[in-house]
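Following: one structure in structure tokens, then a few remarks.
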Amino acid sequence: MKPKSRVVRKAKEAGFVIIFLAGIGVALGVLGVLLASLIVTAAPYLTPTLITNYANYQDPTRAGYAAAIAGTLWILSLTLIFSLPLGIGAAIYLEEYSHGGRISRILQAGVSNLAGVPSVVFGLLGLLVFVRGLHLGAVVLAGALTLTILVFPYVVITAREAIRAVPQSIRDAALAMGATKWQAIRRQVLPAAAPGLLTASILAAARTIGETAPLIVIGAVVLQTFLPYGPDSPFVALPVQIYAYIDLPGPEWQGVSAAGMIVLLLILFAFNAVAIVGRNRMQRMRW
Amino acid sequence: MGGANADGTGAPLASLEAKWVWQPGETLVRTLLFIAAAFAIIATFAIVFALLLDTVIFFGRVSPLDFYTGTKWSPVIDGLYGVLPLIAGTLLIAGGAVVIGIPLGLSAAIFLREYAPARVREILKPVLEVLAGIPSIVFGFFALLLVSPTLKAWFGADYFNATNAIIVIGIMVIPIVSSLSEDALTAVPTDLRDGAFALGATRFEAMGRVVIPAAFSGIMASFLLAFSRAVGETMVVLIAAGENVNLTFDVLGPMSTLAGDIARKATGDLPVGSDLYRSLFAVGFTLFVITLLINLTSDILRHRFREAYD
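Quick mapping for you: the protein sequence lines, in order, are chains A and H. Each residue of the first sequence is one higher than the one before, starting from 28 at the first, in the numbering used here. Each residue of the second sequence is one higher than the one before, starting from 22 at the first, in the numbering used here.
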């Protein structure tokens, strides 16, 4: 091969750096355009009545998200109550108890496989098992159980990272002081992993809030004019309500759905901000 | 004392765990945690069981041969259950999306890993994470609000069209490709990179000839995960791609996909036990199997990659 001059090689390098920059530039540009267009479209409809009014498909100025926001909060709380103990428990087992044998490989494969299942398939599972099989109907509890299965693998994966970050010396010291294995985990490892586990919980929460397809499939109602009253109440969730408005023709309905998305994104950004602060604090902690 | 063992390796002091003592509490906790860990397996079997239950009955009424070779998906009007239009639509939209998302995501990963100064990296990485955290319904709306009118003005596309979904899902998978490929690039030992520099390679040459080939299986795994994610994407397709009962490759017209069609049919009033209701599960089963195959391939690639350098 003929050696190329240094100038040619440097020029080639510069050319490719520009291409690589373009990659991230597109991502940044899209994010900017997306947020800007969302805010512009939503602006006329960002009023206090947006979160106090119920669904209304006749008059866009009176349409709101009250039942949807309450439904999302119900679903979110129940999903976290179910999925966090289950997911963190699974993470503890995989990190602290299993020793890399065949069984632990199967358990891990199960988690990573479940993480790859399309969300709409969880909706079918929820429809068959919870809504019809257990005769719950399309209620808050059925939605929460469906989303519990969906976020479970994410909780396991992030919680494992948090537990893995705790140095082995912490465990060894506790065991050397005569603690049983579970005492060492509960009194030393889990408190040390707490910031990471908090991040894991918040990421799970963010994922739960944004899920739409499974709730559509299990049958969230889109014209609910009362607040959900409990786990056995029919429900609508924020993204599902947004979808119902998107489906209506006309720019005014685009405005109503964009305003709903602003509410959704504000909730998500608040959660993520807490997660990032928590993670930075964890990284600052050095043993 | 520190973190090290007596032999200085830092390996767990297994002998300190008093396994021979009868501790009912410890056994109980261990059992409960094992059940939690087994939950993923239980859930996976539940999914397969739930999907198969109605799929099998459905295949008793509509032959699997007709289902998988039929080219018209018109269950409501014609009673025709040919799933090929949905499969083709899914693969076309997901394939188009990764054609857009992979070069952009990989470029972003290479820039962040090899070129960006630490301070730029610290700003850009969270931005990509923000992009990853935006719910798909927002992307679907974006497709209708901005992409669709543009395509209509430039190419005369329909309001609901497949290209809407291709472009927007392509953007959605950028963070998946970039974060996983960046992990793969980071895992390549510094020695390899330094070796290339010592031979006089520029940064770009070191990357193209040494680092990327070394990280190849990890990067491929990230491509496959992005593809799998695009195959399963529901809301963007439901909102922006429209509905088409025929097998078509016209990306400027409407197109149905497996995931999108499940959600669309589920929003209607479905009589339980009807063929249409059961067909949802047959479509879901097909979708599940396709994503499972892609994910397994991705897993195998990643494990091969891990064995090479850990």
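By construction, the Cβ of each residue, glycine as well, lies at the ideal position given by its N, Cα and C atoms. Given the structure is predicted, the values throughout are model-derived calculations rather than measurements.
The segment 240 to 303 of chain A is shown to contain whole alpha helix (DSSP H) runs of 4 or more residues at 240 to 245 and 265 to 273, in chain order. For the segment 158 to 172 of chain A, residues whose beta-carbon sits nearer than 9 angstroms to a beta-carbon of chain H comprise Arg-159 and Gly-160. Flagged as an interface residue toward chain A: Ser-128(H), by a C-beta distance shorter than 7 angstroms. For Phe-248(H), there are no C-beta contacts with chain A under 7 angstroms, since the nearest C-beta of that chain is about 11 angstroms from it. In the three-state reduction of the DSSP assignment, Ser-277(H) falls in the coil class. For Phe-47(A), the C-beta contacts it makes with chain H under 7 angstroms involve Ser-128, Ile-131, Phe-132 and Tyr-136, in order along the chain.
Distance from the CA of Phe-181(H) to the CA of Asp-274(A), rounded to the nearest whole angstrom, comes to 12 angstroms. Here Asp-199(A) is buried: its Cβ has 16 or more other Cβ atoms, across all protein chains shown, within 10 Å. For Pro-45(H), no CB of chain A lies under 7 angstroms from its own CB, so it is not counted at the interface with that chain.
The C-alpha of Ile-187(H) is placed about 28 angstroms away from the C-alpha of Pro-234(H). For Pro-45(H), the enclosing alpha helix (DSSP H) covers residues 45 to 82.
Against Phe-79(H), chain A offers no close residue; the least beta-carbon distance is about 13 angstroms (beta-carbon pairs closer than 9 angstroms).
Taken atom to atom, the span from the alpha-carbon of Ala-247(H) to that of Phe-149(A) is near 19 angstroms. Val-120(H) sits away from Val-189(H), with the two beta carbons spaced by 7 angstroms or more. Taking a 10 Å sphere around the C-beta of Ala-300(A), we find fewer than 16 other C-beta atoms and assign the residue as exposed. When DSSP states are grouped into helix, strand and coil, Leu-220(H) belongs to the coil group.
Tyr-102(H) has Trp-94(H) as its beta-bridge partners, per DSSP. Residue pairing of Val-166(A) in beta bridges, as defined by DSSP: Pro-261(A). Close partners of Asp-320(H) in chain A (Cβ separation under 7 angstroms): Ser-139. At the C-beta level, Ala-251(H) and Pro-196(H) stay beyond 7 angstroms of one another. The Cβ-Cβ distance between Gly-305(H) and Leu-72(H) falls below 7 angstroms. In the structure shown, the three-state DSSP call for Asn-307(A) is helix. Using beta-carbon distances, Pro-71(A) does not count as an interface residue toward chain H, since no partner is under 7 angstroms. Gln-281(A) reaches chain H at Phe-162, Leu-165 and Leu-166, counting residues in chain order whose Cβ is nearer than 9 angstroms. Against chain H, the CB of Gly-143(A) has a partner CB under 7 angstroms away; the residue lies at that interface. Annotation note: the segment 87 to 126 of chain A contains no uninterrupted beta strand (DSSP E) run of length 3 or greater. Within chain A, the C-beta atoms nearer than 7 angstroms to that of Ala-58(H) come from Ala-117, Tyr-120, Leu-121 and Leu-134, in chain order. If you look at Glu-203(H), you'll find it in the alpha helix (DSSP H) that goes 195 to 207. For Asn-80(A), the secondary structure class from DSSP, reduced to helix, strand or coil, is coil. In the structure shown, Asn-316(H) falls within a helical segment according to DSSP collapsed to helix, strand and coil. For Phe-162(H), the closest of Glu-47(H), Thr-223(H), Ile-260(H) and Phe-309(H) by C-alpha to C-alpha distance is Ile-260(H). Contact holds between the segment 157 to 171 of chain H and the segment 57 to 67 of chain A, because three or more Cβ pairs, one in each stretch, are under 8 angstroms apart. Out of Ala-38(A), Val-263(A), Val-35(A) and Leu-73(A), the CA that lies nearest to the CA of Trp-280(A) is found in Leu-73(A).
Beta bridge pairing from DSSP links Asn-267(H) with Lys-93(H). For Leu-317(H), there are no CB contacts under 7 angstroms within the same chain when 5 residues up- and downstream are skipped. In the three-state reduction of the DSSP assignment, Pro-170(H) falls in the helix class, which pools H, G and I.
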